[in-house]
Every structure is written in C-alpha cells, then in structure tokens.
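Residue numbers (the working numbering): 18 to 273. Taking it in order: structure first as structure tokens, then the write-up.
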C-alpha cells in the first residue's frame, strides 16, 4: 500500500505538467468555435470575418496533424520542461496563422473577381477541376516529398535541427511549421473546393493529412491520393468542357 501511495503522489506533478490535456482542449475548442462560427450566419463576407474563418479552420485542421512531432518532443524534453513544448507549438501555429491570413486575402480577391461564391467555394466546375488537378500534381512534387519526409521523421528532425533555449524552441517550431506547410498546403487550399463551412470536408481532409504525416503510413497513401485527385480533376473538367464559353454566350445574348 505504501508503495502505491508513493507512486500516486509522484505521478501527480507529472500529470499536472503534461501538455496533452490542454492540447486536447485546444483542439476541441477550435472545432467547436468553427462549428459555432459558421452556424451563426449564412455568410461571413467582411474582411475580418473571412480572416477569422480561415484562422479558426486552419488551427482546427492542422493542430491534430502535428501530434507525432509533439509526441517526439515530449519524449526528448520530458515533463520537466513543458515550456519548450509549448514554445515549439507556438512557433508551429505562427506559421499556419500566417498562411491563414495570406489565404484570407486571396479569398477576398477571388470573391471580388467572382471566382468564389459567398461561402468561399469555387463557382465553376472548371475551376474545381483545375484545383483538384493542381493538388494532384503537387502530391508528386519534390517539395511535397521532402516536406512530408521531414514531418514523418520527428526524431531525425530534432537530431538535425535541435536548438536550445526558449528562442530555440520557437525556431524549431517555425521550421517544423514550414515543413508542414510545404507538405499540406495544396490540400488546405482545397477548402475552396470543399467549402470552409463544410465540416465533412474538414474532417476528411484533416484525417488524410494526419495519415500522410504519420511515420508508418505516410508513404503508403501519398501517391494513391495524388492519383485520386488527378482522376477527380480530369473527370470534373471532362464533365463540364464548355462551361465558361456557355456562360459568356448567355451574357452576350442578353445584352441589349
């Protein structure tokens, strides 16, 4: 009995400093906020609202994908240095926040040009096909391959890029964030196809990106996913070969 009590007391501070309960709460909060945000109105078309939409959606989708890297970091630093873990995570999030802000500006431009609708979805099947083809081609690119490999080998990442101290932890987080961005950017941009308020798309894309970055599974799914995207893009374009010209003719015919 005495041994059991001693172990329980020894475990208490370790549990208190473990980042995982707070991490899980953060992930859950981002998903709940996203669900509530898109449920409160049919459209969020102001600059600020679109930026918030991208920030929340990106955090919800990309935070779970970094679990293997964060788990490896926890093994390296232990529970005695939780600040290193959180600073690394902060650097990672900063990269994706920058991505979200930049893509929000792209969203505004595409909206003003009439390329996407009020929900941020591409309004033409031809554009949808192009987006799918682009994502499919990117799956086979050298950049994608290198970045995915960096994400799939957490311990190698820390052996090569380890930096001590608080600033070092942030820098490592930023470096990992950039590698993750290079791995997942094309799939994230498919939000213009699936829709920012489409939770089914968000869940599916998140699951795919988690699997792609998982050490034992990533290589097995990347190429089949690329082929599937290429086939889907080609089928969409073939099914709507004259969409632009048809729309143009209609407009010209109705002009006085």
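Note that the Cβ used here is the ideal one computed from N, Cα and C, for glycine as well.
*asked:* So, for residue 47: in the same chain, excluding its five sequence neighbours on each side, which residues have a beta-carbon less than 7 Å away from its beta-carbon?
replied: 73, 76, 77, 80
*Would you give the residue range spanned by the alpha helix (DSSP H) that residue 172 belongs to?*
171-178 is the extent of the alpha helix (DSSP H) around residue 172.
*Secondary structure at residue 90, three-state DSSP: helix, strand or coil?*
DSSP places residue 90 in the helix class (H, G or I) of the three-state scheme.
*What are the start and end residues of each continuous alpha helix (DSSP H) run of 4 or more residues lying completely inside the segment 69-128, in chain order?*
Within the segment 69-128, the complete alpha helix (DSSP H) runs of at least 4 residues fall at 84-94.
*Can you tell me which of 221, 170, 235, 148 puts its alpha carbon nearest to the alpha carbon of residue 251?*
148
*Can you tell me whether residue 118 is buried or exposed, with buried defined as 16 or more other CB within 10 angstroms of its CB?*
exposed
*asked:* Using 7 Å as the threshold, is the C-beta distance between residue 194 and residue 112 below it?
replied: yes
*C-beta atoms of residue 116 and residue 198 nearer than 7 Å*: yes
*With burial defined as no fewer than 16 other Cβ atoms inside 10 Å of the residue's Cβ, what is the status of residue 40: buried or exposed?*
buried
*Assess, as a yes-or-no matter, whether the segment 229-247 is touched by the segment 141-155 under the definition of 3 or more beta carbon pairs within less than 8 Å.*
yes
*List the residues that DSSP assigns as beta-bridge partners of residue 246.*
In DSSP, residue 246 forms no bridge with anything.
_Please state whether the Cβ-Cβ distance between residue 70 and residue 226 is less than 7 Å._
no
*In the DSSP assignment, what residue or residues form a beta bridge with residue 133?*
139
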